[in-house]
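Student: Note that our numbering has the sequence shown beginning at 16, numbered continuously upward.
Okay, here's the structure, questions in a sec.
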Amino acid sequence: MFKSIKNYLEDLDKICKPIADERKSQLDQLANIINQSNSKDLIFICTHNSRRSHFAQIWMHIISEYLGHNKKVKSYSGGTEATALNPRTAQALSRIGFEIEDSAGANPLYQIKYDSVLNPIEAFSKVYSHPSNPQSDFIAIMTCNEASEACPLVTGAKTKFNLSYQDPKIADDSPMEMASYDASCAEIAQEILYLGSRIQ
16 MFKSIKNYLE
26 DLDKICKPIA
36 DERKSQLDQL
46 ANIINQSNSK
56 DLIFICTHNS
66 RRSHFAQIWM
76 HIISEYLGHN
86 KKVKSYSGGT
96 EATALNPRTA
106 QALSRIGFEI
116 EDSAGANPLY
126 QIKYDSVLNP
136 IEAFSKVYSH
146 PSNPQSDFIA
156 IMTCNEASEA
166 CPLVTGAKTK
176 FNLSYQDPKI
186 ADDSPMEMAS
196 YDASCAEIAQ
206 EILYLGSRIQ
């Protein structure tokens, strides 16, 4: 893992406010669900699979490597509709030290490199039922309320769990844009690190 990313994980408590007790209880509940599940396939779902669900998928992948859960926990993402991974999401990861390449097109495929040896994470916007994602026996983690309301039943999921985050999109094209995406990335990383520490 690139040193800059490892340093970022180690410094999250300095970057972020402490996780509230109520939120910790929610994350503990999700950890219990994961621990009790034979299959630990996680699909993070938001409406457009453009921002929050990608942050969550990528950090779950990274933190599973970091904590040694990578052979058990597999992370994916999807939306209720496909659009494109927002370039601001990729830029926030790039500022941390990820090396990112993207292809051309309306919905580019991003290669997100976090290690000099391991394969990069492939990221693009897709519906949660896309063939690259598990089709059954997975845990659906809803990262926005809109997706949760749009999908009262997630086809193929054995469990649906709400873990909503504020959309950094609210700051698009404003002076607060970069700060909003950096804060969203850090908040999700901090909570996924806490969650990962409770997965057995």
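Virtual Cβ for every residue (Gly too), placed ideally from N, Cα, C.
Rounded C-beta distance between residue 23 and residue 111? I'm assuming under 8 Å.
Tutor: Taking the sequence shown and counting its residues from 1, the one referred to as residue 23 is at position 8. Taking the sequence shown and counting its residues from 1, the one referred to as residue 111 is at position 96. Confirmed, about 5 Å.
Student: Can you have a look at residue 89 and say buried or exposed, based on whether 16 or more other CB atoms are within 10 angstroms of its CB?
Tutor: Counting from one through the sequence shown, the residue named residue 89 turns up at place 74. Burial call: buried.
Student: Answer yes or no: do residue 141 and residue 97 have a C-beta to C-beta separation smaller than 7 Å?
Tutor: On the sequence shown, residue 141 is found 126 positions in, with the first residue counted as 1. On the sequence shown, residue 97 is found 82 positions in, with the first residue counted as 1. Yes, these two residues count as a Cβ contact at 7 Å.
Student: What is the residue span of the alpha helix (DSSP H) that residue 118 lies within?
Tutor: Within the sequence shown, the letter at position 103 stands for residue 118. Here residue 118 belongs to no alpha helix (DSSP H), and DSSP marks it neither H nor E.
Student: Is DSSP giving residue 57 helix, strand or coil here?
Tutor: Residue 57 sits at position 42 when you count from the first residue of the sequence shown. Residue 57: strand per DSSP, three-state reduction.
Student: Count the other CB atoms within 10 Å of the CB of residue 47; is the residue buried (16 or more) or exposed (fewer)?
Tutor: The sequence position of residue 47 within the sequence shown is 32, counting from 1. Its Cβ having fewer than 16 others within 10 Å, residue 47 is exposed.
Student: Does the distance from the C-beta atom of residue 65 to that of residue 100 stay below 7 Å?
Tutor: Position 50 of the sequence shown, counted from the start, is the residue given in the question as residue 65. Position 85 of the sequence shown, counted from the start, is the residue given in the question as residue 100. Contact flag set, yes.
Student: Around the Cβ of residue 167, are there at least 16 other Cβ atoms within 10 angstroms (buried) or fewer (exposed)?
Tutor: Sequence index remark: in the sequence shown, residue 167 carries index 152 (1-based). Exposed, since its Cβ has fewer than 16 Cβ neighbours within 10 Å.
Student: Name the one or two DSSP bridge partners that residue 85 has.
Tutor: The residue labelled residue 85 in the question sits at position 70 within the sequence shown. BP columns for residue 85 are empty, so no partner.
Student: Starting from the Cα of residue 216, find the closest Cα among 134, 172, 198 and give me that residue.
Tutor: Absent from the model: residue 216. The displayed extent of the chain is 16 to 215, so no value can be given.
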